[in-house]
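As structure tokens, the structure follows; a few thoughts come after it.
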Amino acid sequence: MATLVHSIPSISFLSSLTFQPLKIKTHKKSLSTSRSEPIKTLTCTTSKPNSKSPTMDGRKPTSKKTRKSSYGTSRRSVLKKTFIQEQVSFTSQLSSDPHVGIIGGGMAGLLCALSLEKRGVKSTVFDTVEMKTIAFLFDTYFSSGIHGLGGRMGTRVIDPQPLIFDHAAQFFTVSDPRFSELVDDWLEKGLVRQWQGIIGELEVGGQFLPFPSSTPRYISVNGMRSLADSILSQTCMVDVVRPCWISKLEPFNGMWHLSENGKPCGQFDIIVIAHNGKCANRLLASSGLPLIARQMKTLGLSSIWALLAAFEDPLPIPTGATPFEGAFVKGVDSLSWMGNNSAKLLGSKTNSPHCWTFFSTAAYGKRNKVPQENIPTATAEKVKTGMLEGVEAALGLPKDSLQQPIYSRVQLWGAALPTNTPGIPCIFDPQGRAGICGDWLLGSNLESAALSGMALANHVSNNNNMIIPFVNARLGLVMQIADYLRSGGARPEEFALGLNKEFQTLEGHDIGQFSGLESSTGASPVQAYQLST
């Protein structure tokens with residue numbers, strides 16, 4: 001486990017939302033014994049946390065044997081445990097120097113930490129290297145270090161060539177004025193730039209329709225991962241612990257105690273869940289947060305295969321088509337996106353090899369889904385072959401005529417894209433002092449992730465006498481982790497957010513949501529789910 005502490009001046013963006021350091025009265029922490037119907041309330045004393053006791057009060061269970069939790073638990077058993085767990089209810093006022101634990105180091109988690117810092121609130125971000133990522137790195141020529149922050153803002157650099165791939169989020173657009181302010185700051189610092197390359201829709205058979213260039217598209221200058229790492233470098237009140245897979249949340253003596261497979265990882269006044277999928281569901285299933293767990297398990301996620309491939313020669317462009325750097329593929333079962341990383345990231349500075357990222361459709365991902373931590377060799381080869389055949393079909397090439405890549409690798413994003421959303425920026429349980437942020441709460445793109453992380457930090461930390469509206473064009477006025485902190489934890493009912501919000505189905509393209517993009521034919525804007533945080 002490594003802890004990275006950065007002592008660099010605070011970031012300048014979001015300056016309009018800066019507050020003075022918190023001044024909160026300190027009181028002895030305890031947990032309430034009151035009930036919140038229909039959810040039972042969890043009670044505990046000041047004894048050492050006992051993971052074997054469901055009552056958390058030091059007594060041994062008398063009616064039922066407790067079951068040891070396991071990462072091998074089925075989804076069905078996880079959901080069953082979600083419905084029967086008791087609700088934690090903190091009633092004491094918060095510390096004068098509150099500390100927030102953020103589980104997940106993607107864009108939402110990072111922006112939540114940064115927004116808290118602007119309000120004088122310290123936080124610790126726990127980020128992890130998933131086993132599939134470790135296997136991926138060490139099964140290649142490997143060059144770019146163990147793992148960076150950013151979640152699905154993933155970039156792979158393979159030595160000795162080197163080869164460079166954005167293997168998740170490809171680019172992003174801007175529609176919200178607050179995100180626009182953030183992006184302007186990144187532009188000024190040289191962290192991002194506009195992507196001027198031509199992108200559009202590629203119909204099966206090779207017909208390419210470019211998008212107009214009126215809507216700016218943005219990429220990170222050295223691959224998407226570098227943006228997340230650069231944001232981290234500008235913090236002074238954010239600790240990062242990685243690799244660390246938080247496996248248990250336990251309430252004790254008015255604090256949340258986090259641990260990794262039995263090893264203590266710290267205690268926190270408030271916790272934030274900034275990731276999703278089966279691991280988040282398992283973490284929440286016995287956490288004492290049934291309301292949050294219920295919302296998380298309602299989320300539906302699709303699966304997407306990524307194929308990274310490097311070619312010695314440029315891919316052939318369809319006759320009469322404009323050379324393009326990215327295309328949303330239509331009419332091909334195994335392919336939904338193809339992007340030229342070499343042209344996008346290196347421009348004219350490279351002649352060879354040519355590195356492309358290909359994404360499957362959600363239907364193809366579902367049909368060929370396997371445990372992503374251990375992809376069978378036969379499945380990997382099948383998916384690679386199927387997706388390369390899809391490239392041939394999309395470009396209108398004869399079967400088996402596509403040049404073989406000099407390097408290739410497939411990766412499964414098992415929890416890639418949301419299929420539904422509650423349409424709110426964040427979720428917060430004031431009784432349990434826990435929240436959720438992530439792109440899926442608003443849609444699915446990098447902008448939504450950033451707005452969600454900022455919104456949750458604002459909601460918890462703003463001064464209740466100085467509420468500054470958090471405006472989102474789609475949501476109107478949203479209440480502002482600082483407001484709650486300044487209240488000292490009193491009147492929790494006033495701060496509950498999104499715990500009972502119903503989900504709506506998301507429709508659209510398989511790989512992202514990019515506002516303002518439409519084809520040259522004047523078709524409706526692309527509504528697509530972006531592989532992001």
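Residue 431 in full-length UniProt numbering sits at position 431 of the sequence shown, with consecutive numbering throughout. All residues carry an ideal CB built from backbone N, CA and C; glycine is no exception.
- Annotation: the continuous alpha helix (DSSP H) that includes S342 extends over N341 to L346.
- Taking all protein chains in view, the Cβ of K297 is crowded by 16 or more other Cβ atoms within 10 Å, so the residue is classified as buried.
- In this structure the stretch 85-92 does not touch the stretch 389-406; the number of beta carbon pairs closer than 8 Å is below three.
- Counting C-beta pairs closer than 8 Å gives fewer than three between the stretch 326-344 and the stretch 420-434, which falls short of the contact rule.
- Cβ neighbours of A457 within its own chain (closer than 6 Å, five residues either side excluded): C112, S115, L116 and I481.
- DSSP lists F172 and Q194 as the bridge partner or partners of Y218.
- Using a C-beta cut-off of 8 Å, the stretch 221-229 makes no contact with the stretch 240-247, since fewer than three inter-stretch Cβ pairs fall below that distance.
- Taking 7 Å as the cut-off, the beta carbon of C437 is found no closer than this to the beta carbon of A310.
- For L187, the closest of T91, I219, G104 and G101 by C-alpha to C-alpha distance is I219.
- In the DSSP assignment, Y364 forms no beta bridge with any residue.
- F514 and S92 have their C-alpha atoms spaced approximately 44 Å apart.
- Nearest in C-alpha terms to R367, of all of N351, G386, P353 and E373, is G386.
- Counting C-beta atoms within 10 angstroms of its own C-beta, R225 has 16 or more neighbours from the protein chains shown and is therefore classed as buried.
- For R409, DSSP records a beta bridge to L308.
- Counting along the chain, K263 sits inside the beta strand (DSSP E) bounded by residues K263 to F268.
- A check of alpha carbon separations from R156 across Q411, S123 and V174 identifies Q411 as the nearest.
- Between the beta-carbon of I270 and that of R433 there is about 5 Å, and that keeps the pair under the 8 Å contact cut.
- Around L191, the same chain offers S220, V221, L227 and S230 as residues with beta carbons nearer than 7 Å, after the five sequence neighbours per side are excluded.
- For P210, the three-state secondary structure derived from DSSP is strand.
- Pairing L345 with D166, the inter-Cα distance amounts to about 9 Å.
- In the three-state scheme derived from DSSP, where H, G and I count as helix and E and B as strand, D400 is classed as coil.
- Annotation for L283: no beta strand (DSSP E) segment contains it, though the alpha helix (DSSP H) segment containing it runs K278 to A285.
- The C-beta distance from E447 to F179 rounds to 5 Å, short enough to meet the 8 Å contact threshold.
- A residue is called buried once 16 or more other Cβ atoms fall within 10 Å of its Cβ, and G105 is buried on that count.
- Within 10 angstroms of the beta-carbon of T319 lie fewer than 16 other beta-carbons, which makes it exposed.
- Among the bridge pairs identified by DSSP, K330 is matched with E203.
- Annotation for Q267: M255 and H257 place their beta carbon closer than 6 Å to its own, counting only its chain and skipping 5 residues before and after.
- Beyond the five residues adjoining it in sequence on each side, W195 comes within less than 7 Å, by CB distance, of F171, R217, Y218, I219 and K344 in the same chain, given in chain order.
- Take S175, set aside five residues on each side of it, and the residues of its chain with a beta-carbon closer than 6 Å to its own are S515, in chain order.
- CA-CA distance, K501 to L441, rounds to 10 Å.
- Taking a cut-off of 8 Å for Cβ pairs, the stretch 355-375 and the stretch 300-315 touch, as three or more such pairs fall below it.
- Beta-carbon to beta-carbon, G390 and L335 are separated by about 4 Å, close enough to satisfy the 8 Å threshold.
- Pairing P98 with E201, the inter-Cα distance amounts to about 49 Å.
- Comparing alpha-carbon positions, the option among T505, A450, D439 and Y407 lying closest to G277 turns out to be D439.
- DSSP places G101 in the uninterrupted beta strand (DSSP E) bounded by H99 to I103.
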